[in-house]
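Visitor: Under the working numbering, the first residue of the sequence shown carries the number -11, and numbering increases by one thereafter.
Here's a structure for you.
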Amino acid sequence: MNNAMERLDADTECDLARQLEAGVYAQYLLDQGSGRLGLGQIVRQGAQARERLWLANTGLVAMLARRYGRRDPDIEADLVQEGQLALADCLMRYDWRRGWRLSTMAWHWIKHRMVKVMTARSHWEHRTTPARDQLAEHVAVSVPDADPDLGALLS
């Protein structure tokens, strides 16, 4: 089965999360100068587990980006990017001991990040429109007060 389309059950998610956690800890031990045998293998297994968890949940990111990007197709690529960042954060913060599924936790993290992006973008658009209108009013008011000779020089 293609890893990008793989659906993980709860037990597989927990096993992969354990491997990911062991890999992160093994990398920490290697960084501290530990000479224990087998740490490199554990780091590689952790990286493979991370990649498998990542690929299994990228479809969730795409689905949420399509859902939230319906109103504005130009924002969909931004939502996918933010969703991928949220998924990366979620993978590093996921604690399999709490009994939550990774996909459930990822859903909440990704959704929150996408809503935050859309809110920031809508505030930006609302702020720029009045500023542009005020600038247009200022320019319209300033032109009649200008020196008539200046208009002749510009033409």
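Where a beta carbon is used, it is the ideal one built from N, C-alpha and C, also for glycine.
#1: For residue 102, is the classification buried or exposed, using 16 other Cβ atoms within 10 angstroms of its Cβ as the cut-off for buried?
#2: Check whether the segment 79 to 97 touches the segment -4 to 15, counting contact only when three or more Cβ pairs, one atom from each stretch, lie closer than 8 Å.
#3: Would you report the Cα separation of residue 47 and residue 31, rounded to the nearest angstrom?
#4: Could you give the DSSP three-state label for residue 79: helix, strand or coil?
#5: At 4 residues or longer, what runs of the alpha helix (DSSP H) sit wholly inside the segment 43 to 88?
#6: Rounded to whole angstroms, how far is the Cβ of residue 11 from the Cβ of residue 35, which I believe are closer than 8 Å?
#7: With H, G and I counted as helix, E and B as strand and the rest as coil, what does DSSP make of residue 28?
Guide: Reading from the atomic positions:
#1: Counting from 1 along the sequence shown, the entry for residue 102 is found at position 114. It counts as buried.
#2: Remark: three or more beta-carbon pairs, one from each stretch, lie closer than 8 Å, so the segment 79 to 97 and the segment -4 to 15 are flagged as touching.
#3: Position 59 of the sequence shown, counted from the start, is the residue given in the question as residue 47. Position 43 of the sequence shown, counted from the start, is the residue given in the question as residue 31. Cα to Cα, residue 47 sits roughly 26 Å from residue 31.
#4: Mapped onto the sequence shown, residue 79 falls at position 91. Three-state result, residue 79: helix.
#5: List check, alpha helix (DSSP H) in window: 64 to 81.
#6: Residue 11 sits at position 23 when you count from the first residue of the sequence shown. Residue 35 sits at position 47 when you count from the first residue of the sequence shown. Between residue 11 and residue 35 a beta carbon distance of about 6 Å is seen, short of the 8 Å cut, so the two are scored as contacting.
#7: The residue you call residue 28 lines up with position 40 of the sequence shown. Reduced to three states, the DSSP call for residue 28 is helix.
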